[in-house]
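With my numbering applied, the sequence shown covers -15 to 661. Backbone N, C-alpha and C define an ideal beta-carbon position, used for all residues, glycine too.
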Amino acid sequence: MSHAAESRAAAPNTAGAAQSRQLARDRPWVMRTYAGHSTPAQSNALYRRNLAKGQTGLSVAFDLPTQTGYDPDAVLAAGEVGKVGVPIAHVGDVEALFDRIPLARTNTSMTINATAMWLLALYQVAAERQGADIRELAGTTQNDIVKEYLSRGTYVFPPGPSLRLTTDLIAYAVRALPKWNPINICSYHLQEAGADPVQEIAYALSTAIAVLDAVRDSGQVPQGEFDHVVERISFFVNAGVRFVEELCKMRAFTELWDEITRERYGVTDPMKRRFRYGVQVNSLGLTEAQPENNVARIMLEMLAVTLAKGARARAVQLPAWNEALGLPRPWDQQWSLRMQQVLAFESDLLEYGDLFAGSHEVEAKTAQLAAAARAEIARVQKMGGVVAAVESGYLKSRLVANHAARRARIESGEQIVIGVNAYTETEPSPLIADLDAAIQTVDPGVEQHAISAVARWRASRDAAAADAALARLTADAADPAVNLMPATLDCARAGVTTGEWAGALRAVFGEFRAPTGIGADAPTASASSQLVALREYVRETSRERGRRLRILVGKPGLDGHSNGAEQIAVRARDAGFEVVYQGIRLTPAQIAAAAIAEDVHCVGLSVLSGSHLRLVPDVIERLRAAGVTDVPVVVGGIIPDADAKALKELGVAEVFTPKDYDMTESLTRIVDLIRAC
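So this is what it looks like as structure tokens:
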């Protein structure tokens, strides 16, 4: 919401109420649904339908190859093309994605990080080809690489070069794209990875400090104009179901951001110190069991970030009720959009000032969160800043520990999740009576279509121009003093592909594997009677086998959401297993080779991107080809029942989904499978 509209909408319920109600109808917060799948053309059709239904902004989901800098025909892209977002290989794909959508009049959020510079360049060139004035482009590139090392896993380069890309994009955008938010510092995924409110605030603001320091120290922005950088920083936060705590978290965020930008960076204009944030409400708490309960969770979480004017989100996007089951359909996304519209247009939410101002409870909780976050920020700064805290493994280990504690509370019943560990009795849900029809599926032919399309693109472009643009990019990357955005724009205009752009930078910067957070100092589960029994079961089976049970936990493909795999690895270690876990982004060949080399008793594969039907059978076939037929392969992820049946027919011993929340029970079943082999 614009601040002028917000100010007027805060009028008390008098004659101004009618005017503020009209303002609410005209312009509440930017309403989005996170969307994109299969192909640019299919995603374009979805966007235009959503805009016609009243959505006021676009939020683009890119597939994993695009996010990690691979073309559709790359080995690691196998099974991932178009699954969790739209594949973008070149500027032609962006033109198709936004066909008949005027970019100069559209607010577009792009959830892209490692390849953010590349996607912004493609977006700008596509807008130029529409005849747009690029200074009118409005939207956001997420461009927050720090949280990728901690949660989503779509990083590519080491932290230093990655921070350079972030810095160069910001410096360019502040000059050339004054309405664009060049970074959207994202605490959303920190909460999904286990962060409590204090950690979410502290680590997000520590990232902001690192980014602002890097831009300032680069010398690319004159000191007298640095406040323009500060005012273009936006945040993307999470809102969980603990309503009061989440509301106070946002008030603490607002207070601390004002404090940091005033004291550390000397920004005197309070309007430029505003904490500008968008929100996606929590997906971690969505349940596969009784998924209709997710609607109430989503609405309650949305209220926490819209109800209080003093800390209200400027953009809101909601997950769909069935995201724990699979890819939402257009109708499911419409339901989420309608929830926002009912709140904004039917309620009197925007007619009043801050309903919580002066509340002793809210003020006390806000002060408590702010004080604890200050202390954690100071701890990170003492380590050398957020990059050093990432490289040391400190941040990752803290998140893994918190997530493990949360899982333990749910398993013990201390933390109640309706339909999962309490009130599990249920009537059959008509929403999932036909589960296979209750989610969106991606045509398996999408991948081959994308592979053929990128081959045609390469064959039809001016090869000399593409080679020259890549040569410039490589040379500029080798010089730390050169901003990489001009060379990247050259690549976009010359028809360079996503994989080629990232490949040129990989050759200069190298790649990186982040700490897993499951080392010797990882948390140990409390010794419940069930865990004690499992430990004895593991010891007994180990004695029978003549050596300690060994399990490989593998993440095939590009899926970087490693929270589940990490928690299983930690619990398996606590139960007495020897655990082989090499982190994310492995090919089926690498996983099979590791299983053979380590002589494991079980292979556990975690896939959350929907690529299980392609990647899991590949691992099994490679094991069988090597003569390994007595090692059970189990799979965990968001896997529909029909797919689970197909996987079992192909040789998978067991499939675990979010309903299998009790990890001790799941590991007991795995020992049963090992004993049966």
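DSSP places Phe141 in no beta strand (DSSP E); its state is neither H nor E. Residue pairing for Gly588: DSSP places it in a beta bridge opposite Val537 and Val618. According to the DSSP assignment, Leu48 belongs to the alpha helix (DSSP H) that extends over Leu48 to Gln51. Between the alpha carbons of Arg89 and Thr40 lies a gap of roughly 11 Å. For Val263, the enclosing beta strand (DSSP E) stretches over residues Tyr261 to Val265. Residue environment: Ser376 is assigned as exposed (fewer than 16 neighbouring CB atoms within 10 Å of its CB, all protein chains considered). If you ignore the 5 residues before and after Val438, its C-beta comes within less than 8 Å of the C-beta of Asp55, Pro56, Asp57, Ala73, His74 and Thr481, all in its own chain and listed in chain order. In the three-state DSSP reduction, Met94 falls in the strand class (E or B). Per the coordinates, the alpha-carbon of Ile502 lies some 19 Å from the alpha-carbon of Arg519. Exclusion of the five residues before and after Ala498 leaves Tyr133 as the residues of its chain whose Cβ lies within less than 6 Å of its Cβ.
Secondary structure within the region 512 to 556: the alpha helix (DSSP H) runs of 4 or more consecutive residues, fully enclosed, are 513 to 529 (chain order). For Ser218, the enclosing beta strand (DSSP E) starts and ends at Ile217 to Ala223. At the C-beta level, Pro540 and Ile575 come within 7 Å of one another.
A straight-line Cα-Cα distance of about 11 Å links Ala443 and Ser436. Only residues of its own chain outside the window of five on either side were considered, and among them Pro56, Val65 and Pro71 have a CB closer than 6 Å to the CB of Ala434, listed in chain order. Apart from the 5 residues on each side of it in sequence, Ala295 sits with its Cβ closer than 6 Å to the Cβ of Met234, Arg235 and Thr238 in its chain, given in chain order. Here Tyr261 is buried. Its C-beta has 16 or more other C-beta atoms within 10 Å. Minimum Cα-Cα distance from Arg382 among the listed residues Tyr187, Pro142, Leu599 and Thr125 corresponds to Tyr187. If you draw a straight line from the Cα of Val130 to the Cα of Asp625, it is about 35 Å long. Here the alpha carbon of Val384 sits roughly 24 Å from the alpha carbon of Ile402.
Rounded to whole angstroms, the separation of the alpha carbons of Asp543 and Ser22 is 16 Å. Residues of the same chain with a CB within less than 7 Å of the CB of Glu272, apart from the 5 flanking positions on each side, are Ala308, Leu309, Thr641, Pro642 and Lys643 in chain order. Here the alpha carbons of Arg608 and Ser413 stand approximately 40 Å from one another. Lys349 counts as buried, since no fewer than 16 other beta carbons sit within 10 angstroms of its beta carbon. The alpha-carbon separation between Arg298 and Pro166 amounts to approximately 16 Å. Less than 7 Å divides the Cβ of Ala110 from the Cβ of Val78. The C-beta distance from Met469 to Met94 rounds to 15 Å, too long to meet the 8 Å contact threshold. Around the beta carbon of Arg606, a 10 Å sphere encloses 16 or more other beta carbons of the protein chains shown; the residue is thus reported as buried. Annotation for Val564: the continuous beta strand (DSSP E) segment containing it runs Glu562 to Tyr565. Counting only runs of 4 or more residues that sit fully inside the region 371 to 438, the alpha helix (DSSP H) segments are 378 to 396, in chain order. Counting of Cβ neighbours within 10 angstroms places Ala157 among the buried residues, the total reaching 16 or more. For Ile568, there is no enclosing beta strand (DSSP E), as DSSP marks it with neither H nor E. Between Thr525 and Val655, the C-beta spacing is below 7 Å.
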